[in-house]
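Heads up: the structure comes next, in structure tokens.
So, in structure tokens, the structure goes:
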């Protein structure tokens, strides 16, 4: 019985040190016009967005979290979207390719070291010349 209690305490301690990684996919409207955004994100849970983003504003497209603190943001952020459409109110379609990793700004913030909690933010910025 004593061994069982020691194993339970050790297991709890290890799980408590597991950490977490939160990921956020964002769209920044750096253009001079309002944008109509429709996306479908496929992760653990499907997340869809249909919204209008005003000039100078940022819209959160999706969020996920996973057990374990992951320091590097090496995945391609655009591959997580099954559907992606950004248009102006006049109907012009965004030509900037979401599948190119270099079109995303990736920021990793260490929220805490023990347990390792990380925040990854992927931002896709759209400007007037992208239409």
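Residue numbers (my numbering): 5 to 135. Heads up, the beta-carbon is just placed ideally off N, CA and C, and yes, glycines get one too. Quick caveat, the model's predicted, so the values are computed rather than measured.
Taking only three categories from DSSP, how would you classify residue 50? When secondary structure is reduced to three states using DSSP, residue 50 falls in the strand class.
Can you check which of these residues, 118, 84, 22 and 25, is closest to residue 43 by C-alpha distance? Comparing Cα-Cα distances from residue 43 to each of 118, 84, 22 and 25, the minimum goes to 84.
With DSSP as the reference, label residue 22 as helix, strand or coil. Assigned with DSSP and collapsed to three states, residue 22 falls in coil, not helix or strand.
Give a yes or no on contact between the region 105-115 and the region 86-94, applying the rule of three or more CB pairs nearer than 8 Å. Cβ pair count under 8 Å is below three, so no.
Could you tell me the alpha carbon to alpha carbon distance between residue 129 and residue 22, rounded to whole angstroms? 33 Å
Taking the alpha carbon of residue 79 as the point to measure from, which residue in 87, 38 and 108 has its own alpha carbon closest? 108
Nearest-angstrom Cβ-Cβ length linking residue 32 and residue 127, presumed shorter than 8 Å: The C-beta distance from residue 32 to residue 127 rounds to 5 Å, short enough to fall under 8 Å.
Pull up the distance between the alpha-carbon of residue 46 and that of residue 52, whole angstroms please. 9 Å
Spatial distance of residue 99 from residue 68 (CA atoms): 26 Å
With a threshold of 6 Å on Cβ separation, who are the neighbours of residue 123 within its own chain once the five nearest residues in sequence on each side are excluded? 26, 113 and 115
In the structure shown, what three-state DSSP assignment does residue 109 receive? strand
Per DSSP, what kind of secondary structure is residue 83 in: helix, strand or coil? helix
Going by Cα to Cα distance, which pick from 63, 86 and 50 is closest to residue 39? 63
For residue 99, which three-state DSSP category applies? Coil at residue 99, not helix or strand.
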